[in-house]
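Trainee: My questions will all concern the structure given below.
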DNA sequence: TGAACGAGCCC
DNA sequence: GTACGCGCTCGTTCA
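Residue numbers (the working numbering): 2 to 506.
Following this line, the structure appears as structure tokens:
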């Protein structure tokens, strides 16, 4: 029987990463204090306005009657008690421990159409999250440097995650809002580069799909990440919704990617994914999703095929959406990704027999009582982060050794964040490309699939919200992927050079 | 005062 | 038979 012991190389790598992340913490990320103070004032006022509108609704009298002086306009349990207890709406979801009607956005969204009070509550709740967790959280952690400017110093941990990823706190730089455009702008505009410089990122593309290829040996997954003409999210969208690829919009592909493909790889199943898909295609920011280049909604299209209802996920009757997604699940694991499914079974069985498992990066887990999902996800998520961590070490050490002015200022699991000197921008992205895509094989010789690095940059002196994708031009320089959009938004690309006083590199 | 809970944000 | 992976931070409630 194999004994699972972390290798000396893995220990050395972990200490090296701790050293490099300590340097990253020491530098910190600059904050636009003037903007932050203004944003706190503005968002506070916006919340007050929504609270006033909420209180003006007739339904609010019921809330007031129930809670009186204890009324808290932001309390989830209060709005749930009023809506599901007093106003007669039926709750679809219950809380985990106490089994009460859940006040989640997913549950309340169904009520909001008929109840303006709930609509105001949900809108205010989003802004409160932005204000309390993010804006006020940033201000609490902000310190002034000798240059007179303000910075936060997010702290990275390498000892708190089961899968040997990092975590981050005070503030958590790894969960700053991104998906909701309005909230993302409010918060990300706080983060700015040092004067005369620009923020940059380099992301590992699809790392969580590439890493399992050598681990599981799945040939279908290998083809998806090696053949640029293949796209598994489009393929799954076609299969799930019985469409041809030109009929699948980007929006529908993204829904399938998050609500089906990744969820299923992570261990979910049709009982949950069918419900999420059913709801998501009917409500993308309040609107139903339509077929590409057509007025027909996805729900209408399914109805025309004879699939008109979700059905009971626990007992799916033929002709329901749940039964259809169950059949897709069976095809997903039984045919399409058969080898991946076999690997999961074998990997978990070996864990039960041996009491542990070892990542390809040399990290060993010896812990009883882990379930199959944890055991199968850990080596993939953890190893993906280790690739990023090794690249961060190489890049940071090189930038320091060459006394470059550009610096690594953060890390978010599969991406590295930079504060760039404009004159060094191309050198940094070139270095990152070579380390992340080519030299990474020195660290991970087991990696037998190509990796891709996806660079992004914001204009000089612009905020984290203004990042845009770059691509390598034939001359080796990095230019905006969409030059037209860049220049429409930010002016001539030629302006993204160092100022006179900064000189050349 | 601290733990538990429920909620929402990220990859 | 399966039954969404890994984190951090917030406000409220309750002992």
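Note that the Cβ used here is the ideal one computed from N, Cα and C, for glycine as well.
Where does residue 279 fall in DSSP's three states?
Mentor: Helix.
Trainee: Are residue 363 and residue 11 closer than 7 Å when you measure CB to CB?
Mentor: The answer is yes: Cβ separation under 7 Å.
Trainee: Return the chain-ordered ranges of every alpha helix (DSSP H) run that is complete within the stretch 315-390 and spans a minimum of 4 residues.
Mentor: Fully enclosed alpha helix (DSSP H) runs of 4 or longer: 322-332 and 339-355.
Trainee: Just to check my reading of the structure: residue 459 and residue 37 have Cβ atoms closer than 8 Å, yes? What is that Cβ distance to the nearest angstrom?
Mentor: That pair is no contact at about 17 Å.
Trainee: Can you list, in chain order, the residues of its chain with a C-beta nearer than 7 Å to that of residue 450? Leave out the 5 residues immediately preceding and following it.
Mentor: Cβ neighbours of residue 450 beyond the five flanking positions: 211, 214, 215, 223, 226 and 227.
Trainee: Check whether the Cβ atoms of residue 194 and residue 174 sit closer than 7 Å, and answer yes or no.
Mentor: It is not a contact, given that the beta carbons lie outside the stated cut-off.
Trainee: Tell me the DSSP secondary structure of residue 481 in three-state form.
Mentor: DSSP places residue 481 in strand when its eight states are reduced to three.
Trainee: Pull up the CB-CB distance for residue 128 and residue 44, whole angstroms please, since I reckon it's below 8 Å.
Mentor: Residue 128 to residue 44, Cβ: 5 Å. Contact.
Trainee: Excluding five sequence neighbours on each side, which residues of the same chain lie with their C-beta closer than 7 Å to the C-beta of residue 83?
Mentor: The residues are 63, 64 and 67.
Trainee: Taking residue 55 as part of the beta strand (DSSP E), name the residues at either end of that continuous run.
Mentor: Not the beta strand (DSSP E): residue 55 falls in the alpha helix (DSSP H), residues 34-57.
Trainee: Tell me whether residue 108 sits in a helix, a strand or coil according to DSSP, three-state version.
Mentor: Here residue 108 sits in helix by DSSP.
Trainee: Using DSSP with H/G/I as helix, E/B as strand and the rest coil, what is residue 419?
Mentor: Strand at residue 419.
Trainee: Which class does residue 298 belong to by DSSP, given the choice of helix, strand or coil?
Mentor: Three-state DSSP puts residue 298 in a strand.
Trainee: Taking Cβ positions, are residue 188 and residue 135 nearer each other than 7 Å?
Mentor: Yes.
Trainee: In terms of residue numbering, what span does the alpha helix (DSSP H) encompassing residue 255 cover?
Mentor: Where residue 255 is concerned, the enclosing alpha helix (DSSP H) stretches over 251-257.
Trainee: Among 101, 410, 209 and 275, which has the Cα closest to the Cα of residue 382?
Mentor: Of the candidates 101, 410, 209 and 275, the one whose C-alpha sits nearest the C-alpha of residue 382 is 209.
Trainee: Taking C-alpha atoms, which residue in 99, 482 and 192 lies nearest to residue 456?
Mentor: Nearest of 99, 482 and 192 to residue 456, Cα basis: 482.
Trainee: How is residue 21 classed by DSSP in three states: helix, strand or coil?
Mentor: Note: residue 21 maps to helix in three-state DSSP.
Trainee: With DSSP as the reference, label residue 408 as helix, strand or coil.
Mentor: If DSSP states are grouped into helix, strand and coil, residue 408 belongs with the strands.
Trainee: Does the distance from the CB of residue 192 to the CB of residue 465 come in under 7 Å?
Mentor: It is a contact, given that the beta carbons lie within the stated cut-off.
Trainee: With three or more beta-carbon pairs closer than 8 Å as the criterion, would you say the stretch 401-416 touches the stretch 320-335?
Mentor: No: the two stretches stay apart, fewer than three of their Cβ pairs being nearer than 8 Å.
Trainee: Got a sec? Which residues, its chain only, sit under 6 Å from residue 359 by beta carbon, not counting five neighbours each side?
Mentor: Closer than 6 Å at Cβ, skipping near neighbours: 5 and 365.
Trainee: I need the straight-line Cα distance from residue 91 to residue 108, nearest angstrom please.
Mentor: Taking the straight line joining both Cα atoms gives about 10 Å.
Trainee: Have a look at residue 270 and residue 394 and give me their C-alpha separation to the nearest angstrom.
Mentor: Their backbone Cα atoms lie some 38 Å apart in a straight line.
Trainee: Tell me which same chain residues have a C-beta within less than 8 Å of the C-beta of residue 55, skipping the five on either side of it?
Mentor: Only 61, 74, 118, 121, 122 and 125 meet the Cβ criterion.
Trainee: Does the contact criterion of 3 or more C-beta pairs under 8 Å hold for the stretch 435-448 versus the stretch 226-241?
Mentor: The stretch 435-448, when compared against the stretch 226-241, does not touch it at the 8 Å Cβ threshold.
Trainee: Give every residue of the same chain whose Cβ lies closer than 7 Å to the Cβ of residue 258, excluding the five residues on either side of it in the sequence, and list them in chain order.
Mentor: 234, listed in sequence order.
Trainee: Return helix, strand or coil for residue 395, following the three-state DSSP convention.
Mentor: Looking at residue 395 - three-state DSSP - the assignment turns out to be helix.
Trainee: Excluding the 5 residues flanking residue 85 on each side, which residues of the same chain have their C-beta closer than 6 Å to its C-beta?
Mentor: The residues are 92 and 102.
Trainee: For residue 243, count the other beta carbons within 10 Å of its own beta carbon; 16 or more makes it buried, fewer makes it exposed. Which is it?
Mentor: Result: exposed.
Trainee: Could you say which of 288, 47, 275 and 454 lies nearest to residue 110 if we only look at CA atoms?
Mentor: Among 288, 47, 275 and 454, the Cα nearest to that of residue 110 belongs to 288.
Trainee: Which residue spans inside the stretch 88-133 form an unbroken alpha helix (DSSP H) run of at least 4?
Mentor: Runs of the alpha helix (DSSP H) inside the stretch 88-133: 106-113 and 117-130.
Trainee: Can you tell me the Cα-Cα spacing of residue 357 and residue 218, whole angstroms?
Mentor: Their backbone Cα atoms lie some 21 Å apart in a straight line.
Trainee: Residue 158 bridges to which residues according to DSSP?
Mentor: Paired residues: 168.
Trainee: Could you check what DSSP says for residue 474 in three-state terms: helix, strand or coil?
Mentor: Coil.
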